[in-house]
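Take a look at the structure set out below.
Protein chains in written order, with this note's numbering: chain U, 1 to 329; chain Z, 1001 to 1329.
So this is what it looks like as structure tokens:
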């Protein structure tokens, strides 16, 4: 019967699913060897009705995703008196009321750095693509223009470019390492100067943009970073400048970015994220100096497999009374 | 008058041009501030007639390209009794009879490593593009399919891939350094084991292919390397394997490569070079697992500027009786 725990797996620990994370759907058969999932999303009942109907007031763990409901007291936590563990498939946990979880002694664990190397190599790939015009050249060859018209415009060298990393966390540090191997000079801005890194710190995004050929945006989206890359920053970056964004679309003022690209006020952009996904500003679709990616910087077969192992590991640790691998609270 | 030395620059040293190198055409005004070019290619006369008509038996230097005539005794050198210096805009000098130059005490200088970092970053960019499907994803977004159909297939992580470098010269070493920064494990094959590098040496391309996820081809085209990447090597690389070629098209048996790609017997390819450029096998144009590039791995604004400086420097060194910067002979 859909919407209830499987009757064949009575001894597996119960895990509530409010909405199935994509990684759950991908690895459902493997996950189901280890846990007895309560698929609340398959039921027409409200959460309290579902919990009552399935005798699940004892459920202690839930596996959640930012695609599902916000995890707050009134809608979710008040109906799950035994909940002690929330595992997410995401890095960001802004959809969970962490204060409330702390008050209730509920441990929250996120995806940690499972995607960090994938995001970093995606940023480097987008940057090389924009500078060296790889996707545009691929279109040129596929259209048959190489034989017909001969030359393709020269690209620009990555080597020795001045790179400004916006947000030097786990991902930004890996981007810096990759680009440094091509003799790029690396600077960064971040909430605080990091004492242990060899890169130049700029407290101010405008000065960083003025002194950089490329801005690579890999910071979290917060109230402070929303539209941080605005008209003034783009002007400071200048006509030869390139923007790479693998963070969130709204870190950039997208309307201004489109205008700067259309008017040749910056040189190019590699964009994995957009303000209103999956909608992409239609003006960008005809530009050869942009590379457009459907929010997949984190998405590889290997990252998804690692995420499956990571989520399973966190849940197994919880049910074995061991410390979670990536606790937030 | 076309075809003769400029009468306004009588004191600049003469440099013969049999065929204008692309870098000469791009930087003609700057080059012409330093040298008095004899544009034999602009004249309908044969070379000996041209030399006689322009009183140029004293010409001591020529600037050549592989796009021009072969530099041999009978056609060229016998008519230039004062020639002591040949400067090329290319890395390869297989179009010059080096033995004959040595016998005549003519110094030959090539483009040295001007393009090495450009070629290396292009190879890394093509590899990330193939693994992470960047160009294919860009097509997907531009076609409007993101909004319409949602998902795009997962790519593969670069990190921790086993990379086999075919030809660990200047370019191959820079590719290895770049990929090592993403925690790839690097092996190589080359004519000889290099004592000073930390990578695993394979004397045999088949074993290297068997032990690699990716082959990056960056060796010279010689009688030994022509069609080195053949059916057996592709079989050894296997279904998950990727080929990157920034060397010469003919290092690969292109017919076999196309067949392996079409049949899914290898996973993908990033190709900057082809056997019959600018013709590209039409079967490749519809494949999403290949990235096609019109032989521009070496071509950036910065590389062309460096090449101009390098060629100018070699010619200036010659006319100042100083050692050339990149002598071959």
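No residue lacks a Cβ here, since even glycine has one placed at the ideal position from N, Cα and C.
Check, Outcome
"Residues that residue 1117 of chain Z contacts on chain U, provided the C-beta gap is smaller than 9 Å", "157, 158, 159, 160, 182 and 183"
"Buried or exposed by the 16-neighbour rule on C-beta atoms within 10 Å, applied to residue 1005 of chain Z", "For residue 1005 of chain Z, the predicted structure reports a pLDDT of 49, less than 50, and the residue's modelled location is therefore unreliable. The matter cannot be settled from this model."
"Counted within 10 angstroms of its Cβ, other Cβ atoms place residue 330 of chain U as buried (16 or more) or exposed", "Only positions 1 to 329 of chain U appear in the structure, and residue 330 of chain U is not among them; the question remains open."
"Proximity below 7 Å, CB of residue 1184 of chain Z to CB of residue 1217 of chain Z", "no"
"C-beta neighbour in chain U for residue 1092 of chain Z, strict 7 Å", "no"
"Closest by C-alpha distance to residue 192 of chain U, when choosing among U/202, U/37 and U/78", "U/202"
"Cβ neighbours of residue 273 of chain U in the same chain (closer than 6 Å, five flanking residues each side left out)", "245, 248, 249 and 295"
"Minimum length 3: unbroken beta strand (DSSP E) runs contained in the stretch 1029 to 1098 of chain Z", "1036 to 1039, 1061 to 1064 and 1085 to 1088"
"Any 3 or more C-beta pairs closer than 8 Å across the stretch 1146 to 1160 of chain Z and the stretch 1304 to 1315 of chain Z", "no"
"CB contact check: residue 1241 of chain Z to chain U, cutoff 7 Å", "no"
"Interface residues of the stretch 169 to 198 of chain U facing chain Z [CB-CB below 9 Å]", "174, 177, 178, 179, 180, 181, 182 and 183"
"Local Cβ density within 10 Å of residue 1339 of chain Z, reported as buried at 16 or more and exposed below that", "Any question about residue 1339 of chain Z goes unanswered here, given that chain Z covers just 1001 to 1329."
"Neighbourhood of residue 327 of chain U by C-beta, 6 Å cutoff - its chain only, sequence neighbours within 5 removed", "107 and 109"
"Complete runs of the alpha helix (DSSP H) confined to the stretch 1247 to 1285 of chain Z [at least 4 residues]", "1254 to 1262"
"Alpha carbon of residue 284 of chain U to alpha carbon of residue 258 of chain U, nearest angstrom", "7 Å"
"Short CB-CB distance (under 7 Å) between residue 294 of chain U and chain Z", "yes"
"Sequence-distant residues of the same chain with beta carbon closer than 7 Å to residue 198 of chain U, five excluded per side", "none"
"Residue 1320 of chain Z burial status per 10 Å Cβ neighbour count (16 or more: buried)", "exposed"
"From U/256, U/81, U/14 and U/165, residue whose alpha carbon lies closest to that of residue 231 of chain U", "U/256"
"Near-chain Z residues of the stretch 98 to 129 of chain U - C-beta to any C-beta below 9 Å", "117, 118, 120, 121, 122, 124, 125, 126, 127, 128 and 129"
"Nonlocal neighbours in the same chain, by C-beta distance under 8 Å from residue 2 of chain U, ignoring five residues either side", "Any reading at residue 2 of chain U needs caution, since the residue's pLDDT is 45, under 50, leaving its predicted position unreliable; the model's value is listed next. If we look at residue 2 of chain U and ignore the five residues flanking it on each side, its Cβ neighbours are 39, 42 and 43."
"CB of residue 1168 of chain Z within 7 Å of CB of residue 1194 of chain Z, strictly", "yes"
"Residue 1071 of chain Z at chain U interface by Cβ criterion, 7 Å", "no"
"Chain U contact for residue 1154 of chain Z (CB, 7 Å cutoff)", "yes"
"Cβ shell of residue 14 of chain U (< 7 Å), same chain only, five flanking positions each side left out", "5, 36, 38, 56 and 59"
"Residue 1311 of chain Z, buried or exposed, once every other Cβ within 10 Å from all chains shown has been counted against 16", "buried"
"DSSP-derived helix/strand/coil call for residue 330 of chain U", "The structure shown has nothing for residue 330 of chain U, since chain U only spans 1 to 329."
"Nearest to residue 117 of chain U (by Cα), restricted to the options U/101, U/95 and U/171", "U/171"
"Span of the alpha helix (DSSP H) around residue 1149 of chain Z", "1145 to 1149"
"Beta-carbon proximity check, residue 141 of chain U vs residue 1280 of chain Z, cutoff 7 Å", "yes"
"Inter-stretch contact at 8 Å, needing at least 3 Cβ pairs: the stretch 176 to 190 of chain U / the stretch 204 to 217 of chain U", "yes"
"N-terminal and C-terminal residue of the alpha helix (DSSP H) that residue 188 of chain U is part of", "First-last for residue 188 of chain U: 185 to 189, but that is the beta strand (DSSP E), not the alpha helix (DSSP H)."
"The stretch 1074 to 1086 of chain Z in contact with the stretch 1044 to 1053 of chain Z per 3-pair CB rule at 8 Å", "yes"
"Contact with chain Z by residue 147 of chain U, beta-carbon distance below 7 Å", "yes"
"Three or more C-beta pairs below 8 Å linking the stretch 113 to 129 of chain U and the stretch 1022 to 1035 of chain Z", "no"
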